[in-house]
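Asks:
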Amino acid sequence: MNLEEYFARTGYKGSLENQDLETLTDIFQHHIRAVPFENLSIHCGEKITLELEHVYNKIVQRKRGGWCMENNQLLGWVLKCVGYDASFLGAYVFNPHENAYATIMTHLLVKVVIDGKAYIVDGGFGVSYQMWQPMELVSGKDQPQAPGVFRFTEKNATWYLEKMRRKQYIPNQNFSNSDLLEKKECRKVYMFSLEPRTVEDFRFQCTYLQTSPDSLFTKKSICTLQTTDGFRALIGWTLTETRYNYKENMDLVEFITLKDEEVEKTLKEKFNITLERKLIPINVKGFYTI
1 MNLEEYFART GYKGSLENQD LETLTDIFQH HIRAVPFENL SIHCGEKITL
51 ELEHVYNKIV QRKRGGWCME NNQLLGWVLK CVGYDASFLG AYVFNPHENA
101 YATIMTHLLV KVVIDGKAYI VDGGFGVSYQ MWQPMELVSG KDQPQAPGVF
151 RFTEKNATWY LEKMRRKQYI PNQNFSNSDL LEKKECRKVY MFSLEPRTVE
201 DFRFQCTYLQ TSPDSLFTKK SICTLQTTDG FRALIGWTLT ETRYNYKENM
251 DLVEFITLKD EEVEKTLKEK FNITLERKLI PINVKGFYTI
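Read in order, the letters of the sequence shown are residues 1 to 290 in UniProt numbering.
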């Protein structure tokens, strides 16, 4: 494992001399635009493991993506190697269909401290809830980014992340009521504490999420990637391409339904992913919004 190979994978060519917020943001944005958030291993007969060497091999050498426990573990390793004060936290993801936070800590994220200020760096959420810049860990402050306005609030040592989005324009009206579309303009994302975590804290969750019939990740095959002006997502057979703020306070959301024979080609052309095993797409209604 080496940094040069990782940065070749993400296309980052900037300086590593200063461990400042500007460099952190640049490294982070290259990661989310090169490395998809995806769970395709589950749906093509592969097991997801959390050993860092396996994660590195999968994302850097095999040019795949991963979910939060893979993406953010790799990102945290990179930031530590570069010289940042980086550590892991654990979050409970909000389920809009149950209007409640999960009871299991399934989301791994990275905290980075620069000159005494703490930032959350999360490269493993995907779709429209993927932050594009490190977020300052401060309560009650709107933090506008290209995807929308993010905000942390803190109550009794628990931190909550929420996001306010723009209006959406959907040219293909057949999808105007799609269960993939987020209907609320303000959406809770996850909650977390500042208790330091290790990858060991996620062993059970890693197995549960890829095997349980109650898991979102067994119900949907997901691949999403951030672009320079929005994101694209392939969920089951539905390809979505979103362009942020294409009109004043309006995001463009385009939907296409793929045929079986178009899925692998789309993964290669839109996400730069070539699978070694046959993917069986799945998209059980509900459970996931963009």
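Here a beta-carbon is modelled for each residue, glycine too, at the ideal position from N, C-alpha and C.
1. Reducing DSSP to helix, strand and coil, say where Leu89 ends up.
2. Considering only residues of the same chain and omitting the five flanking positions on each side of Met269, which have a CB-CB separation below 8 Å?
3. Residues in the same chain with beta-carbon distance under 7 Å from Thr289, minus the five sequence neighbours each way, listed in chain order, please.
4. Applying the criterion that 16 or more other CB atoms from any shown protein chain within 10 Å of the CB defines a buried residue, is Val253 buried or exposed?
5. Give every residue of the same chain whose Cβ lies closer than 7 Å to the Cβ of Asp214, excluding the five residues on either side of it in the sequence, and list them in chain order.
6. State the beta-bridge partners of Ser139 as determined by DSSP.
7. Answer yes or no: do Ser128 and Thr242 have a C-beta to C-beta separation smaller than 8 Å?
8. Does DSSP classify His97 as helix, strand or coil?
9. Are three or more beta carbon pairs between the stretch 140-157 and the stretch 52-62 nearer than 8 Å?
10. My output table needs one value for Asp229: the three-state DSSP class, helix, strand or coil.
11. Counting C-beta neighbours from all protein chains within 10 Å, is the total for Asn177 16 or more, i.e. buried, or is it exposed?
12. Assuming the contact rule is C-beta atoms closer than 8 Å, residue 318 and Val121 should be a hit. Round their C-beta distance to whole Å, please.
13. In terms of residues, what are the limits of the alpha helix (DSSP H) holding Gln210?
Replies: In brief:
1. On the sequence shown, residue 89 is found 89 positions in, with the first residue counted as 1. Strand.
2. Counted from its first residue, the sequence shown places residue 269 at position 269. Reading the sequence as shown, one finds Glu at residue 269 and not Met. For Glu269, where only same-chain residues beyond five positions count, there are no Cβ hits under 8 Å.
3. Along the sequence shown, read from residue 1 onward, the residue named residue 289 stands at position 289. Excluding residues within five positions, the ones whose Cβ falls inside 7 Å are Pro96, Leu180, Leu181, Glu182.
4. Working through the sequence shown from its first residue, we reach residue 253 at position 253. Buried, because 16 or more other Cβ atoms sit within 10 Å of the Cβ of Val253.
5. Taking the first residue of the sequence shown as position 1, residue 214 is located at position 214. Same-chain partners within the cutoff: there are none.
6. What you label residue 139 is simply residue 139 of the sequence shown in a count that begins at 1. Answer by DSSP bridge pairing, in chain order: Phe152.
7. Mapped onto the sequence shown, residue 128 falls at position 128. Mapped onto the sequence shown, residue 242 falls at position 242. Yes.
8. Mapped onto the sequence shown, residue 97 falls at position 97. In this structure, His97 counts as coil in the three-state DSSP scheme.
9. no
10. Counting from 1 along the sequence shown, the entry for residue 229 is found at position 229. In this structure, Asp229 counts as coil in the three-state DSSP scheme.
11. What you label residue 177 is simply residue 177 of the sequence shown in a count that begins at 1. Exposed, since its Cβ has fewer than 16 Cβ neighbours within 10 Å.
12. Past the boundaries of the shown model lies residue 318; the chain is included only from 1 to 290, so the question cannot be answered.
13. Indexing the sequence shown from 1 puts residue 210 at position 210. Gln210 -> alpha helix (DSSP H) spans 203-211.
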